[in-house]
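Residue numbers (the numbering used here), protein chains in the order written: chain A, 1 to 264; chain B, 265 to 535.
Using N, Cα and C, we set each Cβ at its ideal position, and we do this for glycine too.
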């Protein structure tokens with residue numbers, strides 16, 4: 001019995017120290033990316049290529065999701081606001097929900113599933129097929145040549161995708177609220193314009209999506225680079241990217257919201 | 265082998281997770297020669313190549329390439345040394361998002377300021393040497409296994425290296441491709457005046473082209489000599505390996521409890 005408890009405690013301790021060790025390794029990896037980012041800036045076409053693969057190719061899912069989220073917000077918002085006789089505030093409700101919260105968070109979650117998993121799988125497969133080793137043997141640093149451009153591609157794409165998500169969402173809210181239900185168009189837009197503050201709402205939303213971009217891209221490139229070079233290893237790494245980055249996005253969102261919006 | 269050495273390995277030990285992988289390895293790779301490192305899978309052959317290329321650091325001992333101790337070099341020194349090395353990986357390791365042409369041009373674009381027109385000519389010359397000039401527009405997924413290996417060979421010699429390392433270059437090839445790759449290794453080594461290290465367990469093909477052979481077993485060198493000497497070797501491991509005998513110093517059975525004992529245990533359980 002005592003031995004069983006000791007074994008369980010030892011197992012728990014090993015898991016805990018393993019996680020701490022991995023976090024330290026991931027942090028050193030992050031520093032290495034920053035130190036080797038010169039190539040991504042000097043040879044900007046490498047980063048632009050990644051913006052295309054992670055950003056442009058994620059447009060469909062981001063735009064369509066944004067539209068539907070906005071339409072649902074329009075329906076739900078109208079249903080709630082009409083109880084208080086303030087349906088003209090629908091534009092404010094939809095826009096603030098999107099630019100402050102749903103735009104950055106939902107776009108980041110979608111980005112983690114669509115682009116983050118693809119980045120992990122690509123780097124993991126490059127490792128499994130020895131392409132990264134081949135690069136090292138050709139005196140080319142894979143962190144500078146492969147990892148850093150993908151990281152910066154993701155970081156740059158994320159705020160742009162979140163902005164497009166919010167824009168489409170507002171359009172979706174407009175379609176449902178104004179065109180379908182019949183809320184006054186002038187009130188919808190003018191109240192939105194009067195209530196949404198650039199610095200407090202839009203800029204904070206952009207900062208959130210930038211932070212989420214760093215989180216998703218960091219997790220994705222790290223998991224790919226650290227993947228076991230087998231089919232099972234790459235599949236596990238891809239799953240970890242989606243789970244870890246999604247949880248990290250939600251946790252970071254709480255912390256950022258607490259700093260940005262409390263007391264306003 | 266008395267010629268000037270390009271690679272010298274002295275008292276090399278390498279341990280992974282407290283498990284000895286290589287023990288007391290001594291090797292000399294002369295300039296202009298093709299040397300094979302042979303042994304069964306998992307005996308430490310590929311680890312030896314990785315130590316020569318500086319991808320691993322030895323636990324003790326040293327590897328000298330062109331007079332430089334590899335593990336003492338800093339990152340820029342190691343990369344400068346690697347620019348003079350070429351490596352052919354087991355399954356080619358071609359960059360799958362680039363065409364055959366771009367794969368071979370890769371190092372030229374990364375490490376030289378050559379104009380694109382000259383890079384084009386050089387790439388076509390390398391591809392011509394491996395017989396695939398006509399395939400320069402193909403993507404790696406469009407190549408057969410033998411073709412991919414030849415493209416990888418062309419890429420390995422892109423910058424005219426002084427040392428070319430081959431990790432299982434014959435694995436999974438049909439007889440024609442096998443013979444082509446074998447001949448290319450010999451011809452390209454001679455044409456470039458380079459040294460070649462071939463890590464392989466393909467006896468027939470490699471003994472046709474190599475100048476010298478090291479046999480590795482369980483991380484130690486158990487025999488060495490010319491191809492002819494190895495063919496007539498009386499060392500049991502070498503004899504079993506060269507003639508492909510199923511049982512010998514490398515046993516057919518994975519270590520286990522006595523057969524009878526294990527069967528009797530099953531019988532007593534049944535009742």
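Check the Cα spacing between residue 327 (chain B) and each of B:480, B:461, B:272, B:294: the tightest is with B:272.
From the listed residues B:324, B:505, B:341, the smallest Cα separation to residue 331 (chain B) is found for B:341. The DSSP-derived three-state label of residue 362 (chain B) is coil. Counting along the chain, the unbroken beta strand (DSSP E) around residue 479 (chain B) starts and ends at 476-481. With its beta carbon at least 7 Å from every one in chain A, residue 280 (chain B) lies outside the interface.
Excluding residues up to 5 positions away in sequence, 170, 192, 196 lie with their Cβ nearer than 7 Å to the Cβ of residue 95 (chain A) in the same chain.
Residue-level contact check: residue 418 (chain B) does not touch chain A, since none of the beta carbons of chain A fall below 7 Å from its beta carbon.
Nearest to residue 100 (chain A) by C-alpha distance, out of A:207, A:81, A:31, is A:207. Near chain A, meaning a CB-to-CB distance below 7 Å, the residues of the region 298-329 of chain B are 317, 319.
Under the three-state reduction of DSSP output, residue 93 (chain A) falls in the helix class.
Chain-order list of chain B residues neighbouring residue 101 (chain A): empty, with the shortest C-beta distance near 37 Å, by a criterion of under 8 Å. Across the structure, residue 417 (chain B) and residue 445 (chain B) are spaced so that their CA atoms are roughly 9 Å apart.
One Cα belongs to residue 186 (chain A), the other to residue 113 (chain A), and the distance between them is close to 38 Å.
The residues 512, 513, in chain order, have a CB closer than 8 Å to that of residue 500 (chain B) in the same chain once the five nearest residues on each side in sequence are set aside.
Of the residues assessed, residue 414 (chain B) falls on the buried side of the cut-off, its CB having 16 or more other CB atoms within 10 angstroms. Listed along chain A, the residues sitting closer than 9 Å to residue 371 (chain B) by beta-carbon distance are 138, 139, 140. Residue state for residue 394 (chain B) is assigned as coil, using DSSP reduced to three classes. Fewer than three Cβ pairs drawn from the region 40-51 of chain A and the region 77-89 of chain A lie within less than 8 Å of each other, which leaves the two stretches out of contact. Contact note: residue 346 (chain B) reaches chain A through 136, 137, 138, 139, using a C-beta cutoff of 8 Å and chain order.
Here residue 522 (chain B) is exposed, its C-beta having fewer than 16 other C-beta atoms within 10 Å. In the DSSP assignment, residue 418 (chain B) falls within the alpha helix (DSSP H) that extends over 409-420.
Minimum Cα-Cα distance from residue 362 (chain B) among the listed residues B:401, B:471, B:377, B:428 corresponds to B:401. DSSP, read as helix, strand or coil, puts residue 405 (chain B) in helix. Considering only B:456, B:405, B:325, the residue with the shortest C-alpha distance to residue 367 (chain B) is B:405. Between residue 301 (chain B) and residue 475 (chain B), the CB-CB gap reaches or exceeds 7 Å. Between residue 260 (chain A) and residue 204 (chain A), the C-beta gap is smaller than 7 Å, which places the two residues in contact. With the rule of 3 Cβ pairs closer than 8 Å, the region 118-128 of chain A does not count as touching the region 18-30 of chain A. Going by C-alpha positions, residue 34 (chain A) is about 19 Å away from residue 132 (chain A). In the DSSP annotation of this structure, the continuous segment of the alpha helix (DSSP H) that includes residue 309 (chain B) starts and ends at 309-316.
Shortest Cα-Cα distance from residue 280 (chain B) to any of B:385, B:399, B:322, B:429 involves B:322. Contact annotation: residue 286 (chain B) and residue 270 (chain B) have beta-carbon atoms that are not nearer than 7 Å. The region 482-507 of chain B contains, as complete beta strand (DSSP E) runs of 3+ residues, the segments 484-489 (chain order).
Counted as a single uninterrupted DSSP element, the beta strand (DSSP E) harbouring residue 427 (chain B) occupies residues 427-431.
When DSSP reads this structure, residue 19 (chain A) sits in no beta bridge, so it has no partner. When C-beta atoms of the region 455-471 of chain B are compared with those of the region 422-439 of chain B, three or more pairs fall below 8 Å, so the two segments count as touching.
Residue 449 (chain B) sits close to residue 473 (chain B), with the two beta carbons spaced by under 7 Å.
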